[in-house]
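Colleague:
Here it is as structure tokens:
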């Protein structure tokens, strides 16, 4: 099992930079993007991202739109929403759209780590199930 | 204070309206009725007096003609010899006196030479010579004659009634003296009211009856009057007709009837009315005179009563008007004050709403630096915990993190200050305001929200604008509302908001133009109505523009809107510039 790959999406550059460092020292491989479109672009290249930490409020393409796009393109990637107090409704909307969970900004790093791990585990579980289903399919096909 | 003056003038107007409206008909009616009443009452009074005077004229004429008739009867019934018999004459006088109660004082027969040939009476006038007397001269010219009142030989006022008769080719006169007192009482009895009295004048202006000194003083007045009216009572025809035209009573149908003069005179301080009518074929005039105040006493009383009612009524109307309008104005004042308080509350509410709209953006804006600070702090913690890294680079990293924390702290401070300047209670105090400063402030606070909506904020501010007198917090509210509306109109699609300040026609104009969805006419017509909103329930209060409108109108400004669907909307705010401030 390789390291967990996380993508951090936020328009606040200092935030992203520091968070990247902090997550990196916690043995995560961290990619970052400063806007929705940038994130989607990078995802196109880096297919093995496990968890995306996504800020809800961003100029231009906002968190919800980005989330919708991500879920449409890469349904297996788990998304953790980061939100301010004023945008909890948006976070809930995000949950409905398939986000894994949401965290209030500023976040506790340990809490974030836990969530990331959980999200990753969920993703892995999904992938395993899919794998098994495929194997079964293959087995069934062979078996007849 | 301006307000106090306004309420005072309001109260004054109310009072004057009430007074004018209630007094005008009152006075008109009073004048109208008073006039017609006075006219008709005076007419009636004069008519009554006229009747009285006519009746008395008749009485006097009858009295005189009666006396004349008796002499006529005597002269026709008896011969000259019989009449000159003094015993016979005395007997006849006794009969007359018995029948007429002493009206006849004496009887006498005067021959054509003017010598009284026979006499019966209390005075010793036998053989008296009347040849020089005025009355004798006139009496000899006429068939009958009634003299003026004179003193004569007996030195007491009397007048003579005489008949000329012819006895065997020679004229003689049968004369009788009429008691002045008796005759006088006829006239004196004509008394109406306190001052109404009658008297008789001859054409020379001599009084033929007893008069008081006041009437005496009026002599000139009546003389002038007699002359002025020409008195068609010429001598002519007096001989032919009997001396007293009213004997025949055809008098009433004669032109004399018209010679009843009525009029008003003034002597000293007293106004009086008079009525004149001729007597004795115009040789005498019967005059009735009464003080006006007496003649029209009832009228005066009625007038006084009406005036008193008018004054009392007027006073009570005025008092009521003043009290009622004062009460009303104080009510109005109170409700105005309440309205003002309500207005302030509504403005406050609206402000809270617009601040609430800002809050989301602001919260996020504060949250971001806070998040960064927390992360930096966490990073430092991480660094300190991890002992594998080299000391120097670690120190460098900590320093960087601290600087970042500082920077973000500053950012927070700025944001909170901005927010605070808005969240403060609305202060309606008017001070000198530079509109551009207000606009800059609003634009900076709206920056965050517009950034998230992809809206470009453009400003086009004229730096040479005069200062205006306004409440900065109210202005902030107005422009914050307008920019919020513009942001809402643009939505998330992106666009531009242009804020322009300029001077036009002595007014300061601020245009807030957006490239939003625009509004159809149906909505445009209602945008300033309170509680009108196009936003879904729970999203908008519908108060924003209504409050803006209220604030700007209160300042003496105006707010208008141009909008085209699909193109955008421009709000124009016109603000008054104080006189003398225009460069």
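Protein chains in written order, with this note's numbering: chain G, 397 to 540; chain S, 996 to 1578.
Each residue gets a CB set at the ideal place from its N, CA and C atoms; glycine is no exception.
Would residue 418/G count as contacting chain S if we go by Cβ distances under 8 Å?
Modeller: Position 22 of the first chain, counted from the first residue, corresponds to residue 418/G. At least one chain S Cβ lies under 8 Å of residue 418/G.
Colleague: Identify the contact partners of residue 1449/S in chain G, using a Cβ-Cβ distance below 9 Å as the criterion.
Modeller: As a first step, residue 1449/S is located in the second chain; it is residue number 454 there, counting from the start. Simply 455, 456.
Colleague: At 8 Å on the CB atoms, spell out the chain S contacts of residue 411/G, in chain order.
Modeller: Here the question's residue 411/G lines up with position 15 in the first chain. Simply 1363, 1366, 1367, 1370.
Colleague: Quick one: does residue 414/G have its CB under 8 Å from some CB of chain S?
Modeller: Within the first chain, the letter at position 18 stands for residue 414/G. It does; some Cβ of chain S falls within 8 Å.
Colleague: Can residue 1184/S and residue 1204/S be called in contact, C-beta distance under 8 Å?
Modeller: Numbered from its first residue, the second chain carries residue 1184/S at position 189. Numbered from its first residue, the second chain carries residue 1204/S at position 209. Contact: no.
Colleague: Cα-Cα, which of 1130/S, 1148/S, 1091/S is closest to residue 1119/S?
Modeller: For this step, residue 1119/S is matched to residue 124 along the second chain. The residue with the shortest Cα to Cα distance from residue 1119/S is 1148/S.
Colleague: For residue 1229/S, which residues from the same chain have a beta carbon less than 7 Å from its beta carbon, with the 5 sequence-adjacent residues on both sides left out?
Modeller: The residue given as residue 1229/S occupies position 234 in the second chain. The predicted position of residue 1229/S is uncertain, since its pLDDT is 41 and thus under 50; no value can be drawn from it.
Colleague: The beta strand (DSSP E) spanning residue 1106/S covers which residue range?
Modeller: Translated into positions along the second chain, residue 1106/S becomes position 111. Per DSSP, residue 1106/S belongs to the beta strand (DSSP E) from 1099-1106.
Colleague: Less than 8 Å between CB atoms is the rule here; does residue 1471/S satisfy it with respect to chain G?
Modeller: Numbered from its first residue, the second chain carries residue 1471/S at position 476. By this cut-off, residue 1471/S is not an interface position.
Colleague: Considering only residues of the stretch 1374-1441 of chain S, which uninterrupted beta strand (DSSP E) runs meet the minimum length of 3 residues and lie entirely inside it, listed in chain order?
Modeller: Here the runs fully enclosed are 1426-1428.
Colleague: I'd like the span of the alpha helix (DSSP H) that includes residue 468/G, first residue to last.
Modeller: In the first chain, residue 468/G corresponds to position 72, counting from 1. That run of the alpha helix (DSSP H) goes 459-469.
Colleague: DSSP three-state call for residue 504/G: helix, strand or coil?
Modeller: In the first chain, counting from the first residue as 1, residue 504/G sits at position 108. Here residue 504/G sits in coil by DSSP.
Colleague: Can you give the Cα-Cα distance for residue 1474/S and residue 1437/S, rounded to whole angstroms?
Modeller: Locating residue 1474/S in the second chain gives position 479, counting from the first residue. Locating residue 1437/S in the second chain gives position 442, counting from the first residue. Spanning the two alpha carbons is a distance of roughly 7 Å.
Colleague: Taking residue 1043/S as the reference, give the member of 1291/S, 1158/S, 1084/S with the closest Cα.
Modeller: Within the second chain, the letter at position 48 stands for residue 1043/S. For residue 1043/S, the nearest C-alpha among the options comes from 1291/S.
Colleague: Can residue 495/G and residue 475/G be called in contact, C-beta distance under 8 Å?
Modeller: The sequence position of residue 495/G within the first chain is 99, counting from 1. The sequence position of residue 475/G within the first chain is 79, counting from 1. Yes, these two residues count as a Cβ contact at 8 Å.
Colleague: Going by CA-CA distance only, name the one from 1441/S, 1516/S, 1425/S that's closest to residue 1491/S.
Modeller: As a first step, residue 1491/S must be located in the second chain, where it is residue number 496. Comparing Cα positions, the closest option is 1441/S.
Colleague: If you drop the 5 nearest sequence neighbours on each side, which residues of the same chain put their C-beta closer than 8 Å to that of residue 1559/S?
Modeller: The residue labelled residue 1559/S in the question sits at position 564 within the second chain. 1513, listed in sequence order.
Colleague: From the DSSP secondary-structure annotation, give me the bridge partner or partners of residue 1557/S.
Modeller: Here residue 1557/S is taken as the residue at index 562 of the second chain, counted from 1. For residue 1557/S, which the question treats as bridged, DSSP gives the partners 1565/S.
Colleague: Kindly provide the ranges of any alpha helix (DSSP H) runs that are 4 or more residues long and lie completely inside the stretch 1115-1178 of chain S, ordered along the chain.
Modeller: 1129-1136, all fully within the stretch 1115-1178 of chain S.
Colleague: Could you tell me which whole alpha helix (DSSP H) segments of length 4 or greater appear in the stretch 1275-1327 of chain S?
Modeller: Whole alpha helix (DSSP H) segments, 4+ residues: 1287-1290.
Colleague: Considering only the alpha carbon of each residue, which of 1165/S, 1154/S, 1282/S, 1133/S lies closest to residue 1206/S?
Modeller: In the second chain, the residue the question calls residue 1206/S occupies position 211. Answer by Cα proximity: 1282/S.
Colleague: Measuring straight from C-alpha to C-alpha, what distance separates residue 1321/S and residue 1312/S?
Modeller: If you number the second chain from 1, residue 1321/S lands on position 326. If you number the second chain from 1, residue 1312/S lands on position 317. Distance between the alpha carbons of residue 1321/S and residue 1312/S is about 14 Å.
Colleague: Could you tell me whether the Cβ atoms of residue 1472/S and residue 1546/S are closer together than 8 Å?
Modeller: The count along the second chain starts at 1 and reaches residue 1472/S at position 477. The count along the second chain starts at 1 and reaches residue 1546/S at position 551. Taking 8 Å as the Cβ cut-off, residue 1472/S and residue 1546/S qualify as a contacting pair.
Colleague: State the Cα-Cα distance for the pair residue 1112/S and residue 1161/S, rounded to the nearest angstrom.
Modeller: Within the second chain, numbered from 1, the residue matching residue 1112/S stands at position 117. Within the second chain, numbered from 1, the residue matching residue 1161/S stands at position 166. So the two alpha carbons sit approximately 15 Å from each other.
Colleague: Checking contacts by CB at 8 Å: is residue 405/G closer than that to chain S?
Modeller: The sequence position of residue 405/G within the first chain is 9, counting from 1. Taking Cβ atoms only, chain S never reaches closer than 8 Å to residue 405/G, which makes this a no.
Colleague: Who are the Cβ neighbours of residue 1081/S in its own chain at under 8 Å, not counting the five residues just before and after it?
Modeller: Taking the second chain and counting its residues from 1, the one referred to as residue 1081/S is at position 86. The residues are 1113, 1114, 1115, 1121.
Colleague: Where do the N-terminal and C-terminal ends of the beta strand (DSSP E) with residue 1503/S fall, by residue?
Modeller: To locate residue 1503/S, count along the second chain from 1; it is residue 508. From DSSP, the beta strand (DSSP E) with residue 1503/S extends over 1502-1509.
Colleague: Measure from the alpha carbon of residue 1280/S to the alpha carbon of each residue in 1261/S, 1200/S, 1343/S, 1327/S, then state which is nearest.
Modeller: Working through the second chain from its first residue, we reach residue 1280/S at position 285. With distances taken between Cα atoms, residue 1280/S lies closest to 1200/S.
Colleague: Taking Cβ-Cβ distances shorter than 9 Å, what residues in chain S pair up with residue 408/G?
Modeller: For the purposes of this step, residue 408/G is taken as residue 12 along the first chain, with counting starting at 1. 1363, 1364, 1366, 1367, listed in chain order.
Colleague: Note down the Cα distance separating residue 1065/S from residue 1273/S, rounded to an integer number of angstroms.
Modeller: Counting from 1 along the second chain, the entry for residue 1065/S is found at position 70. Counting from 1 along the second chain, the entry for residue 1273/S is found at position 278. For residue 1065/S and residue 1273/S, the distance between alpha carbons rounds to 23 Å.
Colleague: Using a Cβ-Cβ cut-off of less than 8 Å, give me the residues of the stretch 1315-1340 of chain S that come near chain G, in sequence order.
Modeller: Under the 8 Å Cβ criterion, the stretch 1315-1340 of chain S contributes no residue.
Colleague: Pick helix, strand or coil for residue 1497/S, following the three-state DSSP scheme.
Modeller: Against the second chain, residue 1497/S aligns to sequence position 502. Residue 1497/S: strand per DSSP, three-state reduction.
Colleague: Could you give the DSSP three-state label for residue 352/G: helix, strand or coil?
Modeller: Look at the range of chain G in this structure, 397 to 540, and you will see that residue 352/G is not part of it.
Colleague: With a cut-off of 8 Å, does the C-beta of residue 1501/S fall near any C-beta of chain G?
Modeller: Here residue 1501/S refers to the residue found at position 506 when the second chain is read from its first residue. No, no contact with chain G.
Colleague: Buried or exposed: where does residue 1469/S fall if 16 or more other Cβ atoms within 10 Å of its Cβ makes it buried?
Modeller: Here the question's residue 1469/S lines up with position 474 in the second chain. Under this definition residue 1469/S is a buried residue.
Colleague: Residues of chain S with CB closer than 8 Å to the CB of residue 421/G, please, in chain order.
Modeller: Position 25 of the first chain, counting from 1, holds the residue named residue 421/G. Near residue 421/G (Cβ distances below 8 Å), the residues of chain S are 1377, 1381.
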